[in-house]
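Engineer: Respectively, the protein sequence lines represent chains A and B. Taking this note's numbering, the leading residue of the first sequence gets 31, the next gets one more, and so forth. Taking this note's numbering, the leading residue of the second sequence gets 31, the next gets one more, and so forth.
2 protein chains.
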Amino acid sequence: MSDLLERLRGRGWRVTAQRRVVAEVLDGDHIHLTADEVLERATARLPEISRATVYNTLGELVTLGEVVEVTTDGRAKRYDPNAHRPHQHLVCSGCGIIRDVHPAGDPLADLPDAERFGFDVSAAEVTYRGLCPDCARG
Amino acid sequence: MSDLLERLRGRGWRVTAQRRVVAEVLDGDHIHLTADEVLERATARLPEISRATVYNTLGELVTLGEVVEVTTDGRAKRYDPNAHRPHQHLVCSGCGIIRDVHPAGDPLADLPDAERFGFDVSAAEVTYRGLCPDCARG
DNA sequence: TATTGACTTGGACTTGGTCCATCGTAGGAT
DNA sequence: ATCCTACGATGGACCAAGTCCAAGTCAATA
Numbered sequence: 031m032s033d034l035l036e037r038l039r040g041r042g043w044r045v046t047a048q049r050r051v052v053a054e055v056l057d058g059d060h061i062h063l064t065a066d067e068v069l070e071r072a073t074a075r076l077p078e079i080s081r082a083t084v085y086n087t088l089g090e091l092v093t094l095g096e097v098v099e100v101t102t103d104g105r106a107k108r109y110d111p112n113a114h115r116p117h118q119h120l121v122c123s124g125c126g127i128i129r130d131v132h133p134a135g136d137p138l139a140d141l142p143d144a145e146r147f148g149f150d151v152s153a154a155e156v157t158y159r160g161l162c163p164d165c166a167r168g
Numbered sequence: 031m032s033d034l035l036e037r038l039r040g041r042g043w044r045v046t047a048q049r050r051v052v053a054e055v056l057d058g059d060h061i062h063l064t065a066d067e068v069l070e071r072a073t074a075r076l077p078e079i080s081r082a083t084v085y086n087t088l089g090e091l092v093t094l095g096e097v098v099e100v101t102t103d104g105r106a107k108r109y110d111p112n113a114h115r116p117h118q119h120l121v122c123s124g125c126g127i128i129r130d131v132h133p134a135g136d137p138l139a140d141l142p143d144a145e146r147f148g149f150d151v152s153a154a155e156v157t158y159r160g161l162c163p164d165c166a167r168g
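This is the structure we're talking about:
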């Protein structure tokens, strides 16, 4: 995400302290924070930032394709900054930790024509579930 | 779902008018109702039924493995009575309609060991996305 | 360095869901 | 057939996640 702000500036984004902080908080690998977690970490760096701004900024990053929304549990959405390399998710059924994974082959190819109901199918999201090493031991 | 109530009675379930109505409402193919939609349809048949009871009953049916929860949009959970035949979901990005689909092969097999991070992986959920015939025309 | 339209704020509001004290009733016992 | 009682239903308060909006602020351009 390092050159993200420059990319966004080039697209006409006004760079504010709030947006910078949200982008910084999302930087890293295997990052899948909820909006509230982003707010919490952003507040540590910029105490005046508001909840609405965090939601606004996350929504904009999603619209611009810089971040993808992930829903693994029907509760809060999570925000994944690894938007430029296609991948799927592996979720621990015990503690909920999420890893980015790269399955072999194209999951789309597994859906026969007869199973497409006339849809123009364009994407496949896969969520693998299981126990992480820590939870399997417990 | 026709013999569902008998199966549940066998498991010690007390069969009430409310539970019967919820089970009836869920009967059918490609049914993926939200809790509120279940409540709405149940109310049409049994006006006194309460929201809490619908949630309780849906939760019990999920625990018993008779219904599966589906989250395709990060909003309301949906309840799928087709729990005994493994399948995946195809969701229209336009109108949100959901079809049950059966991909070829086992999606689990596509995840290489090197991508498992030591997890004991036990399941894979796939959500295919695209436009349904109606939305593609529009 | 002045201007201004885009951005931020906080609080009210909405939606989806859970909890709980109280009341009602299915189904076994008599 | 009726009685009992533990299990189930009720509705209203509560909670969590997210959206909306009117008013105030400020980044970037001139």
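Cβ atoms here follow ideal geometry from the backbone N, Cα and C, with glycine treated the same way. For clarity, every value in this text was computed on a predicted model and none was experimentally measured.
1. Examine chain B for any beta-carbon lying closer than 9 Å to the beta-carbon of A/Leu138, and answer yes or no.
2. How do the stretch 140-160 of chain A and the stretch 114-132 of chain A stand: do at least 3 beta-carbon pairs fall below 8 Å, yes or no?
3. Beta carbons nearer than 8 Å to chain A: which residues of the stretch 148-167 of chain B have them?
4. Here's a check: name, in chain order, each residue in its chain whose Cβ is nearer than 6 Å to the Cβ of B/Glu145, leaving out the five neighbours to either side.
5. For B/Arg159, name the three-state secondary structure that DSSP assigns.
6. For A/Glu67, which residues in chain B fall below 9 Å Cβ to Cβ?
7. Quick one, are the C-beta atoms of A/Tyr25 and A/Glu99 less than 9 Å apart?
8. Does chain A have any CB closer than 9 Å to the CB of B/Cys122?
9. My guess is that A/Phe149 and B/Cys162 are in contact by the Cβ rule of under 8 Å, so how many angstroms apart are they, rounded?
10. Cβ of A/Val92 less than 9 Å from any chain B Cβ?
11. Between B/Val84 and chain A, is the shortest Cβ-Cβ distance under 9 Å, so that the two count as touching?
12. Flag B/Gly95 as yes if its beta-carbon sits less than 9 Å from any beta-carbon of chain A, otherwise no.
13. Roughly how many angstroms lie between the CA atoms of B/Ser123 and B/His117, to the nearest whole one?
14. Grab the span of the beta strand (DSSP E) containing A/Leu120 for me, first residue to last.
15. Give a yes or no on whether the minimum CB-CB distance between B/Leu141 and chain A is below 9 Å.
16. Just how far apart, CA to CA, sit B/Arg50 and A/Arg39?
17. According to DSSP, is A/Val68 helix, strand or coil?
18. Got a sec? Which residues, its chain only, sit under 7 Å from A/Arg81 by beta carbon, not counting five neighbours each side?
19. Hey, how far is the Cα of A/Ala53 from the Cα of A/Leu34?
20. Based on the DSSP output, what are the partners of A/Tyr109 in its beta bridges?
21. Against chain A, with Cβ distances strictly below 9 Å, would B/His62 count as a contact?
22. Using a Cβ-Cβ cut-off of 9 Å, state whether B/His132 counts as contacting chain A.
Structural biologist: Quick answer:
1. Residue mapping note: residue 138 of chain A aligns to position 108 of the first sequence, counting from 1. Between A/Leu138 and chain B, the shortest Cβ-Cβ separation is below 9 Å.
2. Contact holds: three or more Cβ-Cβ distances are below 8 Å.
3. Residues Gly148, Phe149, Asp150, Val151, Ser152, Ala153, Ala154, Glu155, Val156, Thr157, Tyr158, Arg159, Gly160, Leu161, Cys162, Pro163, Ala166.
4. Position 115 of the second sequence, counted from the start, is the residue given in the question as residue 145 of chain B. Cβ neighbours of B/Glu145 beyond the five flanking positions: none.
5. For this step, residue 159 of chain B is matched to residue 129 along the second sequence. In the three-state reduction of the DSSP assignment, B/Arg159 falls in the strand class.
6. Here residue 67 of chain A refers to the residue found at position 37 when the first sequence is read from its first residue. Residues of chain B with a Cβ closer than 9 Å to the Cβ of A/Glu67 do not exist, since the nearest Cβ in that chain sits about 16 Å away.
7. Outside the shown range of chain A, which is 31 to 168, sits residue 25 of chain A, and nothing can be said about it.
8. Your numbering for residue 122 of chain B matches position 92 in the second sequence. Chain A, which has a Cβ nearer than 9 Å to the Cβ of B/Cys122, makes this yes.
9. Numbered from its first residue, the first sequence carries residue 149 of chain A at position 119. Numbered from its first residue, the second sequence carries residue 162 of chain B at position 132. Confirmed, Cβ separation roughly 5 Å.
10. Taking the first residue of the first sequence as position 1, residue 92 of chain A is located at position 62. No, because no Cβ of chain B sits closer than 9 Å to the Cβ of A/Val92.
11. Here residue 84 of chain B refers to the residue found at position 54 when the second sequence is read from its first residue. The beta-carbon of B/Val84 is placed no less than 9 Å from the nearest beta-carbon of chain A.
12. Position 65 of the second sequence, counted from the first residue, corresponds to residue 95 of chain B. Closer than 9 Å: no.
13. Counted from its first residue, the second sequence places residue 123 of chain B at position 93. Counted from its first residue, the second sequence places residue 117 of chain B at position 87. Taking the straight line from one Cα to the other gives about 19 Å.
14. As a working note, residue 120 of chain A is residue 90 in the first sequence. Segment 118-122, the beta strand (DSSP E) holding A/Leu120.
15. As a first step, residue 141 of chain B is located in the second sequence; it is residue number 111 there, counting from the start. Closer than 9 Å to some Cβ of chain A, the Cβ of B/Leu141 qualifies, so yes.
16. What you label residue 50 of chain B is simply residue 20 of the second sequence in a count that begins at 1. What you label residue 39 of chain A is simply residue 9 of the first sequence in a count that begins at 1. The alpha-carbon separation between B/Arg50 and A/Arg39 amounts to approximately 58 Å.
17. Along the first sequence, read from residue 1 onward, the residue named residue 68 of chain A stands at position 38. The three-state reading of DSSP puts A/Val68 in helix, counting H, G and I together.
18. As a first step, residue 81 of chain A is located in the first sequence; it is residue number 51 there, counting from the start. Once the five neighbours on either side are set aside, the close Cβ partners of A/Arg81 are Leu69.
19. The residue you call residue 53 of chain A lines up with position 23 of the first sequence. The residue you call residue 34 of chain A lines up with position 4 of the first sequence. Cα-Cα distance, rounded: 8 Å.
20. The residue given as residue 109 of chain A occupies position 79 in the first sequence. The partner list for A/Tyr109 (beta bridge, DSSP) reads A/Leu63, A/Glu99.
21. Against the second sequence, residue 62 of chain B aligns to sequence position 32. By this cut-off, B/His62 is not an interface position.
22. Here the question's residue 132 of chain B lines up with position 102 in the second sequence. It does; some Cβ of chain A falls within 9 Å.
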